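Numbering (my numbering), first residue to last: 586 to 890. Backbone N, C-alpha and C fix where the C-beta goes; we use that ideal spot for every residue, glycine too. Note that the structure is a prediction, hence the values are computed from the model and not measured.
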């Protein structure tokens, strides 16, 4: 009886067994989930966000492997809904790294008092639509439940991780992890024999960083990828002032481009210009940072023949 009483008290202390009632439930406290919470609260709605992790950030909470950073220009990635936020946050690099990105999202969550509406360490087990009530019943793996007429799934895709059924992985005696679940305390790779499976965008970021410290690195690649230099660098004070003065134009441009980048295609065809002009364009764009070399190029460079 004593154990039953203690279990009941414990479950009550963390809200298990109760069904909370809200106007809306949001799954995920990443970039989108935080913005949805902000918008719904501004509409006067009661909201609960369920987040699997211990903190906000989504992609930038889970993906903390060495080298993880934006491939979008930092100043185009941040939220545009608050002029005050835009003016008081200074991005340090053209393409910001994971630690700064996580700090930014925590700054946003604290500035707009979003964290009290988030239940962390809460992985959603099921979402059931109750036709008789016209509501969603959301159940967490620990048994906690919440009900709301509106359900927003901001689960993302860049924080999801997939591990193939590698034969022998369960009996492997060494340390290993998926990059999407890199431990907060890091991994000591100094002088170690390390293997990396895959050569996608994540691996490119990771390999170039850990190669500086490992004893021996083996990369397992199925299909070769083409890589181009990011040309990252610090944002100077002068550039910072220019960015802040031009945020309306920056976000307008992002809203008008295919991939929501700041880059716009050259309206000319690569076949319309002379070979000299074409080569000059390629050489100039190759020296540009980020995706400019593709997304500011002749419009038909990204097409197929």
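Rounded straight-line distance, which links the Cα of residue j to that of residue i
i	j	result
residue 764	residue 708	20 Å
residue 728	residue 621	25 Å
residue 809	residue 695	43 Å
residue 832	residue 699	24 Å
residue 811	residue 646	28 Å
residue 837	residue 703	31 Å
residue 756	residue 789	28 Å
residue 737	residue 611	5 Å
residue 624	residue 697	11 Å
residue 869	residue 759	46 Å
residue 888	residue 716	47 Å
residue 595	residue 639	With a pLDDT of only 43 at residue 595, under the threshold of 50, the placement of this residue in the model should not be trusted; the figure read from the coordinates follows. Spanning the two alpha carbons is a distance of roughly 20 Å.
residue 802	residue 690	33 Å
residue 825	residue 713	47 Å
residue 862	residue 872	16 Å
residue 747	residue 839	31 Å
residue 835	residue 867	24 Å
residue 626	residue 680	31 Å
residue 858	residue 864	10 Å
residue 779	residue 827	43 Å
residue 745	residue 723	20 Å
residue 735	residue 777	50 Å
residue 751	residue 628	48 Å
residue 669	residue 719	39 Å
residue 616	residue 816	25 Å
residue 666	residue 820	22 Å
residue 749	residue 797	28 Å
residue 860	residue 841	30 Å
For residue i, the nearest candidate out of the options (CA to CA)
i	options	result
residue 706	803, 614, 874, 669	614
residue 660	638, 803, 830, 623	830
residue 671	683, 692, 684	692
residue 753	761, 776, 868	761
residue 603	781, 725, 745	725
residue 743	786, 801, 806	786
residue 784	806, 813, 777, 668	806
residue 769	822, 687, 751, 779	687
residue 822	616, 676, 865	676
residue 813	750, 666, 793	793
Contact under 8 Å by Cβ, residue i with residue j
i	j	result
residue 767	residue 649	yes
residue 608	residue 733	yes
residue 644	residue 741	yes
residue 642	residue 739	no
residue 731	residue 605	yes
residue 804	residue 774	no
residue 795	residue 701	no
residue 855	residue 885	yes
residue 674	residue 682	no
residue 818	residue 685	no
residue 791	residue 782	no
Interface flag, residue i vs chain B, CB-CB below 8 Å
i	result
residue 703	Among the chains in the structure shown there is no chain B, since it carries only a single protein chain.
Closer than 7 Å: residue i CB and nearest the ligand COA heavy atom
i	result
residue 854	Among the ligands in the structure shown, none appear at all, so the ligand COA cannot be discussed.
Flag this pair as touching only if the region 648-662 and the region 626-640 have three or more C-beta atom pairs under 8 Å; answer yes or no.
-> No contact exists between the region 648-662 and the region 626-640.
What beta strand (DSSP E) runs, 3 residues minimum, are completely inside the region 779-809?
-> Complete beta strand (DSSP E) runs here, min 3: 801-805.
At a cut of 8 Å, does the region 830-850 reach the region 869-881 through at least three beta carbon pairs?
-> yes
Between the region 879-889 and the region 851-861, do at least 3 Cβ pairs fall closer than 8 Å?
-> yes
Curious, which full-length beta strand (DSSP E) runs of at least 3 residues does the region 697-756 contain?
-> Those beta strand (DSSP E) runs which fall completely within the region 697-756 and span 3+ residues are 709-715, 720-725, 730-733, 735-738.
Runs of alpha helix (DSSP H) lying entirely within the region 606-691, each at least 4 residues, in chain order = 616-627, 644-647, 659-662, 668-673
Can you check the region 800-882 for any beta strand (DSSP E) of at least 3 residues that lies completely inside it and give the ranges in chain order?
-> Counting only runs of 3 or more, we get 801-805.
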